[in-house]
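What follows is a short report on a single structure.
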Amino acid sequence: MNEAFMKNSGAFFAVRAGGMASATAAGAGNGVEFFGPWIQRDDFRSGKVCLHYDGSLSADETLTVDLTVDTAASDQGSGNTVFHETVTVEITEDQGVYSINLDLGSASLYIRPRCTPTLSAGGGDQMTLAITVVLGGASQFPVE
């Protein structure tokens with residue numbers, strides 16, 4: 006491992022906001038897909054999409070999240086295609102983080118996370134979701 010990387014690994018990664026949403030069981034946001042912003046990946050060749058969740062689940066209830074990453078040639082979504090197939094995550098705890106790794110070698114210039122949260126309870130359960138995209142593998146350092 007490179008000594009410079011070990012002492013200043015933050016210089017090798019960029020963090021981008023990927024969007025926020027909330028869902029209430031049998032109510033607003035439940036089962037509704039939300040789209041993060043288009044993120045320019047520049048010359049980053051790898052990344053990680055992190056799904057943060059925080060809320061309350063009743064006993065024996067779950068939050069199911071379908072998480073997908075799209076890619077496009079522009080920040081307007083032109084030529085939009087699915088880049089990373091949907092990953093379905095079943096969550097049984099009130100808070101935590103789930104992440105997927107990305108090999109961006111074949112992605113277009115822009116990527117966008119999107120997800121659909123679904124709460125299993127008939128009512129009462131609530132969850133707030135946030136997506137963070139971490140980009141790495143750039144050829145220029147430090148990154149911003």
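For any residue, its number in the numbering used here is found by taking its place in the sequence shown, counting from 1, and adding 5.
Cβ atoms here follow ideal geometry from the backbone N, Cα and C, with glycine treated the same way.
Bounds of the beta strand (DSSP E) holding F88 are T86 to I96. Between T123 and T76 the beta-carbon gap is near 25 Å, outside 8 Å, which marks them as no contact.
Taking a contact as a CB-CB distance under 8 Å, the pair L140 and A19 counts as one, their CB atoms being some 5 Å apart.
Ranked by Cα distance from T29, the first of G60, G41 and F40 is G60. Annotated three-state conformation of S104 is strand, per DSSP. Within the same chain, S104, N106 and V139 come within 6 Å of K53 by CB-CB distance, once the 5 residues on both sides are set aside. Non-local C-beta neighbours of F146 in its own chain, meaning closer than 7 Å and more than five positions away in sequence, comprise A16 and F17, ordered along the chain.
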